[in-house]
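Numbering (our numbering), first residue to last: 1 to 699.
Below is one structure, written out as C-alpha cells, with a few remarks after it.
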Ligand code: NAD
C-alpha cells in the first residue's frame, strides 16, 4: 500500500508511502482515502495526522498522469482535498523535507499544518507551463497573503518553512517543530491537543485581500508578461490569484480548473513536460544498470589549457575536485591559467562568486609540463589540437603513465573515438566527453560511447556529469556525434537559402523569431567561420559528391572570419558585438548568384524555418535509426541545452511530432521539388517515412 494507517493513542496517522517522493498517483490517492475513511469510522480516533515516509512529505502529483485519464479518475486530488476538509475530526499535516505542488494543495485542505525546519514548500507547476490545478491558486493566497503567494505561484520557487512562518498574519504554518526528527511526535501531540476542540476556520473560508488590488495586479501582469516570453502560464497564474481576491471560493476553483485544462494542452506546456521527462530519461542508459559500481573520481587531469581545457577545468574546480592541467610549454600554461582566473574574477565582479570561494577554487588547481604529475589522477580529459597525430601522441603517453583503472576521456569534436581508444592498450577505459564552448557555461555534455567503452566507465561519467551540473546525453561514435552531425545539415541548408536569394539577416531574423537564441549566420560569426571552412575542406575530400553552397568559402576567402576579425557575415564596430548588415557580403552573394546564373527569389520566413528545422529532424531520424542516439528525446536535449533551440518548442524531434510527421514529409517533398537545392538532401530518412506512414511519432 502506498498510504497506510497507524494509531498513536487517539491520533490516527496516515503515512504517504510511495517512494521516492510520495507522488500522488491514483494508487496512492485510493490508499489514502481508504485510510481516511477508516480513521473517520473509528470511534477511538479524535484527530488525524497526515505525514510522508522517507526524505520528503510529497513531491506532488504524478507527472506521468498529466493529460491521462488516471489524473481525473476518482478519487482525484480535488475530491481527496474535499474529503479532508469535510473530516469531522481535525486533520493536521506534518511537513518535512519538501512539500510541492499537489502535496501543498492537500496540506492547504487540512485544518492545521506543522512543518519541520528547512522544509521547502512550493507550487512549481508554472515550470511545467501550468498553474496549480487543485486549489493552490485559491487557497495559498488565503492562507499566506496575496503577495507572497503570488510570488511563489508565478516563479514556482520553493520557500523554506521558517521564512513562510515569519510572514505577518499568515495561516499557512501553525507550528514549526523543534527539529525534523521531532516533527511527527510534535504533530501528534498537537493533534491530540486539538481533538474535540472546534477547529479554526478552513483556509477556504478565509479572505484573500490586497490593499492596492487593481494596481498591484496590473503591475504583476506586466512583470509576468515581460518575464514569461512565449509562455502563457505565468500570466494565467496572476489572473487566477486575482480571482482569489474577487470571486467566491467555488467560482475561483472552477475558473482555476478551466485555466489548468487550457494550459495542459498548450504546445508550451507540452514542450516543458517533454523536457522534464527527457532530462530524466537522458541520464539512463538502457544496458547499463542503475546499480553499476562506479569508479571513484577524486582527482582530474586536463591535457591542453586552451579554449576548452580551461573551461573544462573550471567545471571540476567549481565542484570541489582538484585539477592538474598539463601543457607543452610554460607560456601556454600561463596563458590558460590567466584566462581561467579572469573568468572566475568576472563572476566575482558580477557578485556571483565570493572572493574567498575563488581563492578556494584556485587552490585546487595545479599546472605541470610533466606527465608524471598526472599519473595518479582518476580521470584525465584530453583537450589538445583537433589533429589525430597529436591525439595519438597524447593517448600513447597516457596509456604509459596513467594508473590502472583511470578513465581516459577525449574532448574531440570530430575525430573517431574508436581510433583514439585504439592508441591505448585499455580501450575499455576510453570515452568521449564532448563539452561545448564556453565549457564552464554550456549545460550540454555529449558522452561518447566507444565500441569498447566499459559500462562502469560510462556510468561513472554520467554520474560525474551530474556532479558538475551538466546535462549528459550519450552518443555513439560517428562524425560530429549527435549535435554537430545534425547542425551540418542545417548549415548546408542555410547556405542553399543564400544561393536562392535570402540575405544572412533575413535567415537569422526568421530563425530568431521562431525562438532560436541565434540564427546560423550570427552564430557563425561568433564561433569563427574559419572553423567550418576547415571542416568543409576535409569534407570536400572525403565526400566529393556532397553539395554545398560556396558562399561560406567565398566569405572566408575574403578574410571575414567573424567577430574575431571584425567582419564576417556582418560588419562589426571595433570591440562591439552588434551585427551590422554588410554591403561587401551582399555584393559577394549577388556576384555568386550571377556566376551560377541564379535568379534570386523571395523566400518566406515560414519556408526558411521549416527548411532549417526539418533538415535537423531528418538527420536526427538517421541518428536514431543508426543507434547513434538512443532516444528522440536525447536529441531534443542536445538541441535544447547545446544549440539554443527554443525551449517552448521542446526540441526538433518533439517539434516535428507536434507538426505531424506526415506534414513534415509533405513539406520535405515540396522542398525537394526546388531545382536549386541539393536533389538528394530531402530524401526522407527511412525511419521518418515509416513513422509517418504508421501515423506514429518520434517521442
Ligand atoms: P585550442 O587551440 O584553444 O587549445 C588547444 C591547447 O592544447 C593549446 O593550448 C595547445 O598548446 C595544447 N596542446 C597542443 N598539443 C598538446 C600536447 N601534445 N600536450 C598538451 N597540450 C597540447 O583548442 P580548443 O578549441 O580548446 O580545442 C581543443 C579540443 O576540444 C579539440 O579536440 C576540439 O575539437 C575540441 N572542442 C573544441 C570546441 C570549441 O568550440 N573550441 C568545442 C568542443 C570541442
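The beta carbon of each residue, even a glycine, is placed where N, CA and C say it ideally should be.
Can the beta-carbon of residue i be found less than 7 Å from the beta-carbon of residue j?
i, j, result
"residue 431", "residue 461", "yes"
"residue 646", "residue 617", "no"
"residue 69", "residue 29", "no"
"residue 529", "residue 568", "yes"
"residue 188", "residue 11", "yes"
"residue 684", "residue 665", "yes"
"residue 701", "residue 191", "The chain is shown only over 1 to 699; residue 701 falls outside these bounds and no answer can be derived."
"residue 174", "residue 112", "yes"
"residue 109", "residue 84", "yes"
"residue 35", "residue 5", "yes"
"residue 133", "residue 123", "no"
"residue 627", "residue 483", "no"
"residue 158", "residue 244", "no"
"residue 588", "residue 554", "yes"
"residue 210", "residue 300", "no"
"residue 121", "residue 104", "yes"
"residue 473", "residue 657", "no"
"residue 753", "residue 233", "Beyond the ends of the chain as shown, which are 1 and 699, falls residue 753; an answer cannot be given."
"residue 667", "residue 610", "yes"
"residue 471", "residue 641", "yes"
"residue 418", "residue 450", "yes"
"residue 378", "residue 359", "no"
"residue 15", "residue 47", "no"
"residue 277", "residue 67", "no"
"residue 353", "residue 347", "yes"
"residue 608", "residue 507", "yes"
Opposite residue i in the DSSP bridges: which residues?
i, result
"residue 435", "445"
"residue 252", "Bridge partners of residue 252: none, in fact."
"residue 570", "581"
"residue 8", "11"
"residue 366", "324"
"residue 58", "99"
"residue 410", "382, 432"
"residue 176", "115"
"residue 121", "99, 159"
"residue 628", "Its beta-bridge partners do not exist; DSSP assigns none."
"residue 143", "For residue 143, which the question treats as bridged, DSSP gives no partner whatsoever."
"residue 562", "567"
"residue 471", "444"
"residue 52", "16"
Could you give the C-beta distance for residue i and residue j, rounded to a whole number, given that I count them as a contact under 8 Å?
i, j, result
"residue 374", "residue 409", "So it is not a contact: roughly 13 Å between Cβ atoms."
"residue 496", "residue 677", "5 Å"
"residue 94", "residue 176", "Not quite, the Cβ-Cβ distance comes to about 11 Å (not below 8 Å), so this is no contact."
"residue 253", "residue 138", "6 Å"
"residue 650", "residue 274", "5 Å"
"residue 612", "residue 511", "6 Å"
"residue 3", "residue 17", "6 Å"
"residue 246", "residue 235", "About 16 Å separates the two Cβ atoms, so there is no contact after all."
"residue 636", "residue 654", "5 Å"
"residue 559", "residue 551", "Rounded, the Cβ-Cβ distance is 15 Å, inconsistent with contact."
"residue 186", "residue 217", "At roughly 38 Å, the Cβ-Cβ gap does not stay under 8 Å, so residue 186 and residue 217 are not in contact."
"residue 388", "residue 364", "That belief does not hold up - the Cβ atoms of residue 388 and residue 364 are roughly 32 Å apart, past 8 Å."
"residue 65", "residue 106", "Contact doesn't hold; Cβ gap of about 15 Å is too wide."
"residue 498", "residue 549", "6 Å"
"residue 238", "residue 333", "No, residue 238 and residue 333 are not in contact; Cβ-Cβ is about 53 Å, not under 8 Å."
"residue 563", "residue 596", "Residue 563 to residue 596, Cβ: 29 Å. No contact."
"residue 361", "residue 318", "6 Å"
"residue 698", "residue 691", "7 Å"
"residue 231", "residue 648", "6 Å"
"residue 400", "residue 302", "Contact flag wrong, Cβ pair sits at about 18 Å."
"residue 631", "residue 180", "In fact, because the Cβ distance is near 38 Å, the residues do not count as touching under 8 Å."
Can residue i be considered in contact with ligand 2, in the sense that its beta carbon sits closer than 6 Å to one or more heavy atoms?
i, result
"residue 638", "Among the ligands in the structure shown, ligand 2 does not appear; only ligand 1 can be found there."
Touch test, the segment 83-98 against the segment 50-65, Cβ-Cβ under 8 Å, three pairs minimum: yes
Three-pair Cβ contact test at 8 Å for the segment 256-272 versus the segment 605-619: Contact fails between the segment 256-272 and the segment 605-619, because fewer than three Cβ pairs, one in each stretch, are under 8 Å apart.
Stretch pair the segment 278-293 + the segment 455-472: three plus CB contacts closer than 8 Å: yes
Any 3 or more C-beta pairs closer than 8 Å across the segment 152-164 and the segment 260-270: no
The segment 320-334 / the segment 362-374 touching (three or more Cβ pairs under 8 Å): yes
At least three beta-carbon pairs within less than 8 Å, the segment 439-453 to the segment 300-316: yes
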